[in-house]
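In full-length UniProt numbering, the protein residues as written are 1 to 360.
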């Protein structure tokens, strides 16, 4: 492997996605290590980073996406969109969020191209999922804001205020899964004075959150018990996750149908297929739909509406791993990240999802 690598930072093409994978300060760090960085003109504008900031950091601006994708390594935010599949090739390394369990078309295109595709969301270390955590934190914080907004009558909700009022009880919120996203959603909802019940399969995690006051009540994830809580909920936030796999369906359709008209569900697990049976992917342009009288918010790039904060947080987490990737892709700090290589699925959990595709 050569000491100097060419790294491409393309503009994101997903609907209303304004994040950028590397901030100008991150680019400066990469350039200082002797690498060449190509940034597509305007890639950081939506996040508040203008082109001049990138050139000042040592990047080369290019107008055409094809020039950026011609780099040896491409680092992105969101999974490639169909119009980007044509850029895949067998001598390219891709580093981005992939969420392949919910993306069969993308998975097949990656395998057929021979590309080496590394996913942020499956990279693991002793702390957990360090490249997923920053966006999970932002998505969880956003879920509390979005849920409160969608409950308003103006947004098609029941007209319930999270914190209630004197003589009126607060809204009831149920958070499914108390990982990073669920924990931040619960904290935000409690900050709005909602009554929050946290649901998880991990009794130790429930114990910890019960003691630290993250939630008002805890519930082990058992179908009958979950159904009872969901039936009474004004807001359900889905945040259940199995790294690399499709999200487990914890809230079935019957549970959603039992909710009061104008209630809201926010499925943060939709990137991995969703943990609420009635959830289907939506966009920031058209974020909601109504099913069984319940407002569904299932946007697949929730942090994209807070691009400056999200870009800075993601870039800080990604940059040291990117530098390791271009130095030694087999390093332990990249454990679990490789999903596709040389025409085969490498990550075992992803491979189980697609038994018809070649596996390493």
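Where is the CB? At the ideal position from N, CA and C, for every residue including glycine. These figures come from a predicted structure and were not determined experimentally.
Query raised in the report: When you compare only the Cα positions, how much space is there between residue 264 and residue 148?
Result: Numbered from 1 along the chain shown, position 264 holds the residue referred to as residue 264. Numbered from 1 along the chain shown, position 148 holds the residue referred to as residue 148. Rounded to whole angstroms, residue 264 to residue 148 spans 9 Å at the Cα level.
Query - Straight-line gap, residue 208 to residue 271 (C-alpha atoms, nearest Å) - result: Looking up residue 208 in the chain shown gives position 208. Looking up residue 271 in the chain shown gives position 271. Roughly 27 Å separates the two Cα atoms.
Report task. Using a threshold of 8 Å, state whether the C-beta atoms of residue 135 and residue 243 are closer than that. Result -> On the chain shown, position 135 is the one that residue 135 refers to. On the chain shown, position 243 is the one that residue 243 refers to. For residue 135 and residue 243, no; Cβs fall outside 8 Å.
Report task. Tell me whether the beta-carbon of residue 171 lies closer than 8 Å to the beta-carbon of residue 177. Result -> Position 171 of the chain shown, counted from the first residue, corresponds to residue 171. Position 177 of the chain shown, counted from the first residue, corresponds to residue 177. Their beta carbons are not under 8 Å apart, which means residue 171 does not touch residue 177 by this criterion.
Query raised in the report: Touching or not, the segment 75-87 and the segment 95-103, by the rule of three or more beta carbon pairs under 8 Å?
Result: yes
Query raised in the report: Going by the CB atoms, is the gap between residue 41 and residue 62 shorter than 8 Å?
Result: Indexing the chain shown from 1 puts residue 62 at position 62. Indexing the chain shown from 1 puts residue 41 at position 41. Yes, these two residues count as a Cβ contact at 8 Å.
Query - residue 138, buried or exposed, once every other Cβ within 10 Å from all chains shown has been counted against 16 - result: Locating residue 138 in the chain shown gives position 138, where the first residue counts as 1. It is buried - the Cβ of residue 138 has at least 16 other Cβ atoms within 10 Å.
Report task. Using beta-carbon positions only, say whether residue 85 and residue 59 come within less than 8 Å of one another. Result -> On the chain shown, residue 85 is found 85 positions in, with the first residue counted as 1. On the chain shown, residue 59 is found 59 positions in, with the first residue counted as 1. In this structure, residue 59 does not lie closer than 8 Å to residue 85 by Cβ.
Query - Residues sharing a beta bridge with residue 6, DSSP - result: In the chain shown, counting from the first residue as 1, residue 6 sits at position 6. The partner list for residue 6 (beta bridge, DSSP) reads 36.
Report task. Determine the DSSP secondary structure at residue 197, reduced to helix, strand or coil. Result -> On the chain shown, residue 197 is found 197 positions in, with the first residue counted as 1. Note: residue 197 maps to strand in three-state DSSP.
Query raised in the report: How is residue 269 classed by DSSP in three states: helix, strand or coil?
Result: Residue numbering aside, residue 269 sits at position 269 when the chain shown is read from its first letter. If DSSP states are grouped into helix, strand and coil, residue 269 belongs with coil.
**Report entry** Beta-carbon proximity check, residue 31 vs residue 53, cutoff 8 Å
**Finding:** Indexing the chain shown from 1 puts residue 31 at position 31. Indexing the chain shown from 1 puts residue 53 at position 53. Not a contact, by the Cβ cut-off of 8 Å.
Query raised in the report: Can you name the start and end residues of the alpha helix (DSSP H) that residue 211 belongs to?
Result: What you label residue 211 is simply residue 211 of the chain shown in a count that begins at 1. It spans 203-212 - the alpha helix (DSSP H) in which residue 211 sits, taken as one unbroken run.
Query - Meets three-Cβ-pair contact criterion under 8 Å: the segment 245-263 and the segment 108-124 - result: no
Query - Close Cβ partners of residue 225 (< 7 Å) along its chain, the five nearest in sequence each way excluded - result: Taking the first residue of the chain shown as position 1, residue 225 is located at position 225. Excluding positions up to five away in sequence, the list reads 219.
**Report entry** Coil, strand or helix - residue 112 by DSSP
**Finding:** The count along the chain shown starts at 1 and reaches residue 112 at position 112. Residue 112: helix per DSSP, three-state reduction.
Query raised in the report: Tell me the DSSP bridge mates of residue 291?
Result: By 1-based counting over the chain shown, the position of residue 291 is 291. In DSSP, residue 291 forms a bridge with 294.
Query raised in the report: Just checking, does the segment 143-160 make contact with the segment 185-192 on the three C-beta pairs under 8 Å criterion?
Result: yes
**Report entry** Exposure of residue 1, with buried meaning 16 or more beta-carbon neighbours within 10 Å
**Finding:** Along the chain shown, read from residue 1 onward, the residue named residue 1 stands at position 1. Its pLDDT being 43, under 50, residue 1 is placed unreliably in this model, and the coordinates cannot settle the point.
Query - Nearest residue (CA-CA) to residue 343, options 299, 89 and 68 - result: As a position in the chain shown, residue 343 is number 343, starting the count at 1. Per the Cα distances, 89.
Report task. Spell out the partners DSSP gives residue 235 in its beta bridges. Result -> By one-based count along the chain shown, residue 235 stands at place 235. Paired residue(s): 173 and 264.
Report task. Determine contact between the segment 305-313 and the segment 15-23, defined as no fewer than three beta-carbon pairs at a distance below 8 Å. Result -> yes
Query raised in the report: Quick one, which of 262, 281, 298 and 65 has its alpha-carbon nearest residue 154's?
Result: Indexing the chain shown from 1 puts residue 154 at position 154. When only C-alpha atoms are compared, the closest one is 262.
Query raised in the report: So, are the CB atoms of residue 360 and residue 332 less than 8 Å apart?
Result: Position 360 of the chain shown, counting from 1, holds the residue named residue 360. Position 332 of the chain shown, counting from 1, holds the residue named residue 332. It is not a contact, given that the beta carbons lie outside the stated cut-off.
Report task. Would you check if the segment 308-325 and the segment 118-132 touch, i.e. whether three or more CB-CB distances between them fall below 8 Å? Result -> yes
Query - In chain order, each alpha helix (DSSP H) run of at least 4 residues that lies wholly inside the segment 53-111 - result: 65-69
**Report entry** Whole-Å CB distance - residue 278 paired with residue 256, under 8 Å assumed
**Finding:** By one-based count along the chain shown, residue 278 stands at place 278. By one-based count along the chain shown, residue 256 stands at place 256. Yes, residue 278 and residue 256 are in contact; Cβ-Cβ is about 5 Å, under 8 Å.
Query raised in the report: Which term fits residue 369, buried or exposed, when burial requires 16 or more other beta carbons within 10 angstroms of its beta carbon?
Result: Here the chain covers residues 1 to 360 and nothing more, so residue 369 does not appear.
Query raised in the report: I think residue 267 touches residue 238, with their Cβ atoms under 8 Å apart; what is that distance to the nearest whole Å?
Result: Residue 267 sits at position 267 when you count from the first residue of the chain shown. Residue 238 sits at position 238 when you count from the first residue of the chain shown. Confirmed, about 4 Å.
Query raised in the report: Should residue 6 and residue 315 be called a contact, given that it needs their Cβ atoms to be closer than 8 Å?
Result: Along the chain shown, one-based indexing puts residue 6 at 6. Along the chain shown, one-based indexing puts residue 315 at 315. No, the Cβ-Cβ distance between residue 6 and residue 315 is not below 8 Å.
Report task. Could you pull out every residue in the same chain whose Cβ sits closer than 6 Å to the Cβ of residue 245, ignoring the five residues on either side in sequence? Result -> Counting from one through the chain shown, the residue named residue 245 turns up at place 245. Only 101 and 349 meet the Cβ criterion.
**Report entry** CA-to-CA distance, residue 72 to residue 321, given in whole angstroms
**Finding:** Within the chain shown, numbered from 1, the residue matching residue 321 stands at position 321. Within the chain shown, numbered from 1, the residue matching residue 72 stands at position 72. Cα-Cα distance, rounded: 16 Å.
Requested in this report: Note down, in chain order, each residue of its chain lying with its Cβ closer than 7 Å to the Cβ of residue 298, except the 5 sequence neighbours on either side.
Outcome: Working through the chain shown from its first residue, we reach residue 298 at position 298. Contacts found: 267, 270, 274, 279, 280, 281 and 282.
Query raised in the report: What's the gap between the Cα of residue 10 and the Cα of residue 69?
Result: Position 10 of the chain shown, counted from the start, is the residue given in the question as residue 10. Position 69 of the chain shown, counted from the start, is the residue given in the question as residue 69. So the alpha carbons of these two residues sit roughly 7 Å apart.
**Report entry** Close-in-space but distant-in-sequence residues of the same chain around residue 124 (CB under 6 Å, 5 per side omitted)
**Finding:** Sequence index remark: in the chain shown, residue 124 carries index 124 (1-based). So the qualifying residues of the chain are 335 and 336.
Query - Option nearest residue 294 by Cα separation, candidates 254, 329, 215 and 25 - result: What you label residue 294 is simply residue 294 of the chain shown in a count that begins at 1. Ranking 254, 329, 215 and 25 by Cα distance to residue 294 puts 254 first.
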